[in-house]
Every structure is written in C-alpha cells, then in structure tokens.
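What follows is one structure encoded as structure tokens, with my remarks underneath.
Protein chains: 2
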Amino acid sequence: MSGDLGPRVAIWAAEKFVAEKRNCDIWLFGDEGQLKSIYKNSRDPYHQINIVHCTEKVSMDDNPLHVIRHKKSSSMYQSLLALARGEVDAAVSAGNTGALLVMSKHLIETISGIERPAICKSMPVREGQTFMLDLGANINCTPEQLHQFALMASILVDPEKNADQLARVGLLNIGTEHAKGTELLQAAQELFMQEIRFSYAGFIEANQIFSGDLDVIACDGFHGNIALKASEGTARFIGEKIQSAFQGNFLRKLSLLLLWPILRTLRQSLDPAVYNGAILLGLKKPVIKSHGDADKKAFLQAIRVAHEQVLLDIPQKISSCLH
Amino acid sequence: MSGDLGPRVAIWAAEKFVAEKRNCDIWLFGDEGQLKSIYKNSRDPYHQINIVHCTEKVSMDDNPLHVIRHKKSSSMYQSLLALARGEVDAAVSAGNTGALLVMSKHLIETISGIERPAICKSMPVREGQTFMLDLGANINCTPEQLHQFALMASILVDPEKNADQLARVGLLNIGTEHAKGTELLQAAQELFMQEIRFSYAGFIEANQIFSGDLDVIACDGFHGNIALKASEGTARFIGEKIQSAFQGNFLRKLSLLLLWPILRTLRQSLDPAVYNGAILLGLKKPVIKSHGDADKKAFLQAIRVAHEQVLLDIPQKISSCLH
Numbered sequence: 173m174s175g176d177l178g179p180r181v182a183i184w185a186a187e188k189f190v191a192e193k194r195n196c197d198i199w200l201f202g203d204e205g206q207l208k209s210i211y212k213n214s215r216d217p218y219h220q221i222n223i224v225h226c227t228e229k230v231s232m233d234d235n236p237l238h239v240i241r242h243k244k245s246s247s248m249y250q251s252l253l254a255l256a257r258g259e260v261d262a263a264v265s266a267g268n269t270g271a272l273l274v275m276s277k278h279l280i281e282t283i284s285g286i287e288r289p290a291i292c293k294s295m296p297v298r299e300g301q302t303f304m305l306d307l308g309a310n311i312n313c314t315p316e317q318l319h320q321f322a323l324m325a326s327i328l329v330d331p332e333k334n335a336d337q338l339a340r341v342g343l344l345n346i347g348t349e350h351a352k353g354t355e356l357l358q359a360a361q362e363l364f365m366q367e368i369r370f371s372y373a374g375f376i377e378a379n380q381i382f383s384g385d386l387d388v389i390a391c392d393g394f395h396g397n398i399a400l401k402a403s404e405g406t407a408r409f410i411g412e413k414i415q416s417a418f419q420g421n422f423l424r425k426l427s428l429l430l431l432w433p434i435l436r437t438l439r440q441s442l443d444p445a446v447y448n449g450a451i452l453l454g455l456k457k458p459v460i461k462s463h464g465d466a467d468k469k470a471f472l473q474a475i476r477v478a479h480e481q482v483l484l485d486i487p488q489k490i491s492s493c494l495h
Numbered sequence: 173m174s175g176d177l178g179p180r181v182a183i184w185a186a187e188k189f190v191a192e193k194r195n196c197d198i199w200l201f202g203d204e205g206q207l208k209s210i211y212k213n214s215r216d217p218y219h220q221i222n223i224v225h226c227t228e229k230v231s232m233d234d235n236p237l238h239v240i241r242h243k244k245s246s247s248m249y250q251s252l253l254a255l256a257r258g259e260v261d262a263a264v265s266a267g268n269t270g271a272l273l274v275m276s277k278h279l280i281e282t283i284s285g286i287e288r289p290a291i292c293k294s295m296p297v298r299e300g301q302t303f304m305l306d307l308g309a310n311i312n313c314t315p316e317q318l319h320q321f322a323l324m325a326s327i328l329v330d331p332e333k334n335a336d337q338l339a340r341v342g343l344l345n346i347g348t349e350h351a352k353g354t355e356l357l358q359a360a361q362e363l364f365m366q367e368i369r370f371s372y373a374g375f376i377e378a379n380q381i382f383s384g385d386l387d388v389i390a391c392d393g394f395h396g397n398i399a400l401k402a403s404e405g406t407a408r409f410i411g412e413k414i415q416s417a418f419q420g421n422f423l424r425k426l427s428l429l430l431l432w433p434i435l436r437t438l439r440q441s442l443d444p445a446v447y448n449g450a451i452l453l454g455l456k457k458p459v460i461k462s463h464g465d466a467d468k469k470a471f472l473q474a475i476r477v478a479h480e481q482v483l484l485d486i487p488q489k490i491s492s493c494l495h
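Top to bottom, those sequences are chains A and B. Each residue of the first sequence is one higher than the last, beginning at 173 in the numbering used here. Each residue of the second sequence is one higher than the last, beginning at 173 in the numbering used here.
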C-alpha cells in the first residue's frame, strides 16, 4: 500500500508473476476497494491472486515502535502475521523499512543463533554478483554480528553447496591493510580469519564493491547504507550528465537515435530493477524489502527474490549451518 | 616522489604551472638525479623551478609514526619542514596520506581552536560545487570536531564574504529525519542548529551528495571515505560498462566516432582531474593531497588548489572566524 508509486505496481507485478508461476499464489494485503479497482480478473485466469482487506496502512513517516503497537490492522502487519502463521511462505513490501524490520523481528523472529537480521542485497558487479550486508538495519554491530552476517550471506552465494570454492568474504573498511580501521573492525577481522565455512579475503575499500572479486561484503548498517546510497547517487548523477550531453543541437539528438541499441545494452547491465529486492536475512522466514520507488519490473524482481528464498529454503539452510 | 606515476607527473605540472603564473616559484623535493633527468630547462625559461635534493622517500606502505621519526630526510618531511619555516607557502603531495597527515600535524600544526585537520575536497555536483569533509583523516570525530569541520569549509565556500547567503551545511547520516543516526550525530546536530555563521540544512543521505543543494557536507573520516570511494568505484564501473557497450560489431565502433563530441562533454563534466587536490583543512598553512594516481592534468589542478589557498589566505581567515 505504501510504495512511492502506490499499489498498482504490486498488482501488475503479481499478475505477471502468477502468469510465470502456475504453482504459486499471491495474497495482496491492502484496501480491498482500491486494489479491486486496479486488479483485473482477466489477467489472473486461474485465480491465483487473493485480496486480504486491511483497514490501515503504514506510512513512510510512521514511527516503527508506534506502528507495532497501534497499527495492527495495517497491510504490513497483517501480511507479516500471515507469514508468521504459515498462511503464506514469504512477504514482500515496498513500504517503511524501519517498520518492516521492527514488525518482522517481532512477528517472524530471528533464526536461533542470529542476534539481528541484516538487509542484504545483490549488487551489480563486473561479473557475477556480490551480496552486501548490512545495508541499514543495524547502525552499530558487534564483531560477532558482522560475522553472523557474513556467514548467512555465504550461504546465499552457494545454497546447494555445488561450488568447489568457499564464498570469498570481504570486510568493508577505509584501507586494506590489517591494522586499518576501528577496534571493532580489528576484532571482527580476528573472527573472520578463524572462520572455515567461508574464505576471508581481508579488508576491502568501498571502491572495490563493484570489482566482482568478492561474493560477500560485510559491514555495519551505517557504512553499508552510505556506500549503497553514494553509489545510487553517483549512478543517477552520471545518468543525468549522459542525458544532458545529448541535448542541444539537432545532430546530438539524432545521434541518440543511432545509439539506441548501445544505450539499451548499457541500461540493461545497470538497471536497478534487475537488482531490486533486499532480503531481511536472518529471519525465520523470507521477508523482502523492495525499493520504495520500485516500478513494475523492479517489484516483479522483488517477488522473484522472495520466491527463490522459499524454493532454496534459505532460513532452514542458515539454521543448519549454525547448529 | 611517491605518487603512483612517479615524479614526471609533478614535474610536468610544475612546468605548466610556472608558465601560467610568472610570479610563482616551485620547489621540487626529491632525488636530484632522477628529477633533473626529467626536468627540462627549456620549459622553465625564467628559472622558477628549484630542485631540493632529498635522499629518502616515503613509500605508500610506510607506517606514518615510523616515518616521522626515521625518515626526516624524505622528500615529504623536507617539503613540510620548508613550509613550516616559511621557505615555501604551500605544499602538495601525491604520496602516503597517513604520513602526510601525521607529519603535517607535527610540523605545521593546527590553527588554534581547531583540534584536528580534516581532508576536504570539492565534489562534482549538479551545479556549482560542494565541499565534503572529512574524507579519511579522522576515523572517529566528536560533535565539536564535526562542527569545526563545517565551520572551516563554510569559509572555503565564501572566503571574501561576498555572498548574501550563508553557506548551506548538511550533516551526513542514513536518514533525513531529526531522530535518525547515532547519539554522536544527534549531539552534533544540536551544535549545528545553534550555529549562526552558516546555515544548517539538516541531515542528508549519501545519495544527496551530488544534488548541488549544499555547499558543505560534514561527516567523520570513516563515513566520508566510504562515500567518496563508493562514488569513485561506481563511476569507474559505469565508465567500463559504457566502453564495453561500444564494443562488438563495426557499427557500434563507428558510432563511437560520431559520439566523440558528446563523450568529450561528458568526460569534461565528470573528469576527476578537475576535482583533484584535497585540502588538509585546519592546518596553519596549506597542505594539499593529490590523488595517488593523479595524471599530469590532475596534479596541475592540485597545485592550483594550493595556490588558491595561499592567495585567499584561508588559514588566516579560519583563524579570524574562530577568534
């Protein structure tokens, strides 16, 4: 209900998703009247989409601690309650991140042995993908929590344990030398070096995030959030510069036409929609956070991430790895 | 002596600079034999360039605390000593940042009232420029230090006090709401709100760095370094994607030719060389840190930044503002 573009994005994505996956159902939590005015029976011939009426919604400014007490009829709370009760297998939201986190911790709970869930996202990198976490759930983290984050993400890298190599894990710092950074990072480094379930690749700097040399980058939520948003801001800034470079005279505008196939290649390889859907990793069941301004395609990608988490049974695999 | 591309970059930049500024001298500190083999008398017809022989150099891996005791004959130490003694008016280095900082604090000292120098850089933004600091000198900062950083940079924005408006200052955080972030940022916010020498614009997120809405962005060195390097990494990553999008068939390569003027516009507006030269702000005299991999043009820009700091007498202006 509370993504920047409203529920029509989620409904379009749900319709596309059920057309792809005949063995899946989607439950839409929200204002029934509003949802029904957008939802088309014709696009759901097998009745895979259900609407659960909710009288409230969590807004982007709502205080997380307030909503958990006073907005139990909200679409966010009700969807997570359905997940907790096993009525659905995963939840996806483009709403208030803080509220989603607090409600998820309360209703879904963390896997035994995991102190806190982390926001984990697949980043666009030179080749393959790199999971980065935490991207904003935890301002401060202990060395043990950073270690738990890395371990959880290393399971995402190779859930079926098919690969010969262990996941390569880096720890975000402001230099690559052993002695760099805070005492906390020094202590975390000790834990990472002792770990045999993943391969610790050392401290990394933020300019190495996109190198593709790592499978996992662990950091606290403050640092991860700054790195993620600085990257998003840079990409948008360059995008605007590219657009304005094509403005001006007729020839420049004409060359834009010529360039169409090239720009399409470029856009596809950087499209944020391809990377939408952050996992609240460490919860007993999959909860996926879509970017607030996700468009239809991006929201569909977030649903696919949720589906994959269920198919791969990631929470169970994390639990087995820990015990 | 210890920039990634060696002394020839600095010598070329020095030659260009003295050709531009007939009333300036450049002193080159380093291995005389090596420098003289590159330096051409013909490009310095008025003998504005002097070479000061130094028997050692600080390497990129040298421990800052080690070099300050044991590398007093190094080019870096000797150049800063000449600055301390008033033999030169500013110093520029592309070498080891940590060593430059420690030596500068020791030999040049901070302005009275300033606890620590900060690395401050002009960032490429939508319109105008934004000074961001600290970019890596101080891992942890007190609220008072963050406030000093902001105040110093606000003087850079308008050293002659010509503008009608006060400098707009933002504080880097992971959300824009008042209650967001660490206790330390909450305390810093209180100090910033009370300041009348600049206009506090509130917390900002890292995706707003390039918006051009701010004149100054204050942060601790850890957060600033992550934001800066994440941006650099993103820009390089997108640059590579653009290059590879033009590869493949003949038509794509041909279109690169057509696009040359547009790509040049784009490159100029994003060229890191235009933004090279970070100021170690808060020292009694100007010390400028060039990017280690600066090319000739970028190093020239770092010299220009040093020259401007001297002309505008920034350390004196900061001192007057404080007392």
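Where a beta carbon is used, it is the ideal one built from N, C-alpha and C, also for glycine. This structure is a prediction, so every number in the text was calculated from the model and none was measured.
Query: In angstroms, rounded to a whole number, what distance separates the CA positions of A/N379 and B/A290?; Result: 21 Å
Query: Would you say B/F303 reaches chain A, if we count a Cβ-Cβ gap shorter than 7 Å as a contact?; Result: no
Query: Could you tell me whether the Cβ of B/K293 comes closer than 7 Å to any Cβ of chain A?; Result: no
Query: State the DSSP-derived secondary structure class of A/M222, mapped to helix, strand or coil.; Result: Note on residue identity: the sequence assigns Asn, not Met, to residue 222 of chain A. Of the three classes helix, strand and coil, the one that applies to A/N222 here is strand, per DSSP.
Query: Under 7 Å between C-beta atoms, does A/E299 make it to chain B?; Result: no
Query: Going by DSSP in three states, B/I372 sits in which element: helix, strand or coil?; Result: It should be pointed out that residue 372 of chain B corresponds to Tyr in this sequence rather than to Ile. In the structure shown, B/Y372 sits in a strand (DSSP, three-state: E or B).
Query: Going by Cα to Cα distance, which pick from A/K489, A/I475, A/K461, A/Q481 is closest to A/A271?; Result: A/K461
Query: Over the uninterrupted alpha helix (DSSP H) stretch that includes B/F321, give me the two end residues.; Result: 315-329
Query: In whole angstroms, give me the CA-to-CA distance for B/A351 and B/F370.; Result: 22 Å
Query: Roughly how many angstroms lie between the CA atoms of A/A407 and B/I414, to the nearest whole one?; Result: 12 Å
Query: So, is A/A262 buried or exposed, given that buried needs 16 or more other C-beta atoms within 10 angstroms?; Result: buried
Query: Helix, strand or coil: which one does DSSP assign to B/L200?; Result: strand
Query: Applying the criterion that 16 or more other CB atoms from any shown protein chain within 10 Å of the CB defines a buried residue, is B/E287 buried or exposed?; Result: exposed
Query: Quick one: what's got a C-beta closer than 7 Å to A/K277's C-beta in the same chain, skipping five residues either side?; Result: P289
Query: May I ask you to list, following chain order, the residues of the stretch 374-401 of chain A that have a beta carbon less than 7 Å from some beta carbon of chain B?; Result: E377, A378, N379, Q380, I381, F382, F394, H395, N397, I398, A399, K401
Query: For the stretch 407-422 of chain B, enumerate the residues whose C-beta is nearer than 9 Å to any C-beta of chain A, in chain order.; Result: A407, R408, F409, I410, G411, E412, K413, I414, S416, A417, F418, G420
Query: Under a Cβ-count criterion, where at least 16 other Cβ atoms within 10 Å of its own Cβ denotes burial, should A/Y372 be classed as buried or exposed?; Result: buried
Query: Can you tell me where the beta strand (DSSP E) holding B/L343 begins and where it ends?; Result: 340-344
Query: Compute the Euclidean distance between the alpha carbons of B/H225 and B/Y447, then round it to the nearest angstrom.; Result: 30 Å
Query: Under the rule that 16 or more other beta-carbon atoms within 10 Å means buried, what is A/R476, buried or exposed?; Result: buried
Query: Please classify B/P487 as buried or exposed, where buried requires at least 16 neighbouring CB atoms within 10 angstroms.; Result: buried
Query: Does the beta carbon of A/E355 come closer than 7 Å to any beta carbon on chain C?; Result: In the structure shown, chain C does not exist; the protein chains are A and B.
Query: In whole angstroms, what is the alpha-carbon distance linking B/A360 and A/V341?; Result: 34 Å
Query: Return the CA-CA distance between A/L307 and B/W199, expressed in angstroms with no decimal places.; Result: 47 Å
Query: Could you tell me which of B/A254, B/P331, B/C391 sits nearest to B/I490, measuring between CA atoms?; Result: B/P331
Query: Spatial neighbours of A/L279 within its chain, please: CB distance less than 7 Å, with the 5 preceding and 5 following residues excluded, ordered by chain position.; Result: L252, L253, A256
Query: Would a C-beta distance cut-off of 7 Å place A/S265 and A/M248 closer than the cut-off?; Result: yes
Query: CB B/P458 to CB B/Q473, shorter than 7 Å?; Result: no
Query: Specify the secondary structure class of A/C292 as computed by DSSP and reduced to three states.; Result: strand
Query: What would DSSP say about A/K277, mapped onto helix, strand or coil?; Result: helix
Query: Find the residues of chain B that neighbour A/I311, judging by a C-beta separation of less than 8 Å, and give them in chain order.; Result: I346, G353, T354
Query: Where do the ends of the alpha helix (DSSP H) carrying B/K489 lie?; Result: 486-494
Query: For A/F409, which residues does DSSP report across the bridge?; Result: Beta-bridge pairing links A/F409 to no other residue.
Query: Alpha carbon to alpha carbon, how far is B/Q206 from B/A182? Give it in angstroms, no decimals.; Result: 12 Å
Query: Applying the criterion that 16 or more other CB atoms from any shown protein chain within 10 Å of the CB defines a buried residue, is B/T302 buried or exposed?; Result: buried
Query: Measure from the C-beta of A/G308 to each C-beta in chain B and report whether the shortest distance is under 7 Å.; Result: yes
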